[in-house]
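Asker:
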Amino acid sequence: MKEKKENTNQEINTPIIPTWCPGCFNFQILAGIKSSLLKQFEQGKKKEDFAIVTGIGCHAKIFDYINLNGINTLHGRVLPTCLGIKIGNPNLNVLGFSGDGDAYAEGMEHLIYAARYNADFKYFVHNNQVFALTIAQPTPVTEKGYIDKTNPLGVKFNPINPIKIMLSAGAGFVARIFAEKSQIEWIFEEAMKHKGFAFIEILQPCIIFHNDQGYKNRTYNLQENNHDKTNLKQAFEKAEEFDYNIINEKTKIPIGIFYQEEKPTIEEQYPQLKKLKEDKKSWKDIQR
Ligand SMILES: Cc1ncc(C[n+]2csc(CCOP(=O)(O)OP(=O)(O)O)c2C)c(N)n1
C-alpha cells in the first residue's frame, strides 16, 4: 500500500472571483463557512478531513470558492452524493449545500431518506424561495400568489414546510437560521458537535428576484426564548409559526435549533463502516 503524503497546504481560498450579484447573501454564507472551517483547522482538523458537495444553482457556486475536495453534483442529488461519500469514507466530514429548488423540488425524496438513514453529515439549504439561477421560477417554498413568467396567474398552491417535513421524517438535528456570517458560524459549530445528519435551512433573500430582507427583522431566536429543543411536540409548534407564505407585520419567524436528538448513525450500524471509522480508513485503503 502506498504511504499517504501529508498535505501541508491548508489554503481554503481559491483564485476564482465570485460571480454572485453584488450584495448577495450567499457572500455571508461563504464567509461564515470559511471562518468556521478555519476554526476547525485551528482545533486540529485538516482540509483533507472535509468534503464538499453542492447541487446546481447560485448556491452551488460556493463549490468554486472554497478549496476543498468534493463533488459539484447533479441538480437535486446533493444528499445521495453526501451519503455515498460517507459510505466510501466514514471518516470524512461531509458538508452538503443546496438551494431550495435543489433541496425541495428536484431533491425532495432524498431529504426523507437522509433523515431516515442518519449518516453523519451536515446539510445547508440556501433558501431564497425561488429557482434563482434560472431567473426566479417558483419552488415548493415560494409563497402562494407569486407571479413570474411561468406562473402569470400566480402560484395557486401553499408552500410546503420543510422544517415540519424534517421533523416528521425523524431528523435528529433540525435548524433554521438567517444568512448572516455570525449565525452560520454558530450553527456550523453546533452541527459539527452533533453526531448524525444535520438539516440547516438558511433564509437567504435573493436581492434580485425575492428580496425580502425584512425577513431578518421578523426572526426571533428559539434558544433565547426558552425553546426546549429536545421536545418534538414543541418543535412542531414552533415550525407551524412560519408557513413560508408572505408575511405581514405580525409574522414571526423562529430561527435556531428546533429539534435535536442523537440517534444511531448509519456508520455505527454497519460493522464494515464502523471498522473503517475505528481504523481511520476508507474503502480505497483496504482494496486489494
Ligand atoms: C435536472 C435539472 N433540472 C433543471 C435544471 C435547470 N436549473 C439549473 S439551476 C436551476 C435553479 C436552481 O435553483 P435553486 O436550487 O433554488 O438554487 P439557487 O439558484 O436559487 O441558489 C435550475 C432549475 C438543471 N440544471 N437540471
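Residue numbers for the sequence shown follow this note's numbering, beginning at 519 and rising by one.
Cβ atoms here follow ideal geometry from the backbone N, Cα and C, with glycine treated the same way.
As the structure is a prediction and not an experimental result, all values here were calculated from the model.
#1: Within a Cβ cutoff of 7 Å, which residues of the same chain sit near Thr783, ignoring the five residues on either side of it in sequence?
#2: Along the alpha helix (DSSP H) that carries Thr599, what are the first and last residues, could you check?
#3: Would the segment 593 to 606 count as touching the segment 672 to 686 if we require 3 or more Cβ pairs under 8 Å?
#4: Going by DSSP, name the residue or residues bridged to Val648.
#5: Can you give, in chain order, each stretch of the beta strand (DSSP E) that sits fully within the segment 728 to 765 and has at least 3 residues?
#6: Give the single residue among Pro658, Leu685, Ser686 whose Cα lies nearest to the Cα of Lys674.
#7: Taking Cys600 as the reference, which of Lys640, Glu624, Ala623 has the closest Cα?
#8: What residue range is occupied by the uninterrupted alpha helix (DSSP H) comprising Ile551?
#9: Could you tell me the alpha carbon to alpha carbon distance between Phe776 and Asn646, rounded to whole angstroms?
#10: Please go through the same chain and pick out, in chain order, the residues whose beta-carbon is closer than 8 Å to the beta-carbon of Leu685, but skip the five residues on each side of it.
#11: Would you decide whether Arg634 is buried or exposed? Buried here means 16 or more other CB atoms lie within 10 Å of its CB.
#12: How should Gln722 be labelled, buried or exposed, when 16 other C-beta atoms within 10 angstroms of its C-beta is the threshold for buried?
#13: Is there at least one non-hydrogen atom of ligand 1 closer than 6 Å to the beta-carbon of Thr599?
#14: So, using beta-carbon positions, are Phe696 and Thr737 closer together than 7 Å?
#15: Pick out the complete alpha helix (DSSP H) segments inside the segment 674 to 721, 4 residues or longer, and give them in chain order.
#16: To which residues of the same chain is His728 closer than 6 Å at the C-beta, ignoring the five residues directly before and after it?
#17: Give me the Cα-Cα distance between Glu703 and Gln546, rounded to the nearest whole angstrom.
#18: Give me the residue from Glu698, Leu597, Asp797 with the minimum Cα distance to Gly541.
#19: Ignore the nearest five residues each way along the sequence and tell me which others in Thr537's own chain have a CB closer than 8 Å to its CB.
#20: Starting from Leu613, trace the beta strand (DSSP E) both ways and give me its first and last residue.
#21: For Thr572, list the residues DSSP reports as bridge partners.
#22: In the DSSP output, what is Gly774 paired with across the bridge?
#23: So does Asn646 have its beta carbon nearer than 6 Å to some heavy atom of ligand 1?
#24: Taking the alpha helix (DSSP H) that Ala632 falls in, what are its first and last residues?
Answerer: So, from the listed chains and residues:
#1: Asn636, Ala637, Asp638, Lys713, Gly714
#2: 596 to 606
#3: no
#4: Pro656
#5: 737 to 739
#6: Pro658
#7: Lys640
#8: 544 to 560
#9: 20 Å
#10: Val692, Leu750, Ala753, Phe754, Ala757, Phe776, Tyr777
#11: exposed
#12: buried
#13: no
#14: yes
#15: 680 to 687, 699 to 711
#16: Asn646, Gln647, Val648
#17: 10 Å
#18: Glu698
#19: Lys579
#20: 611 to 617
#21: Asn590, Phe615
#22: Arg694
#23: yes
#24: 626 to 635
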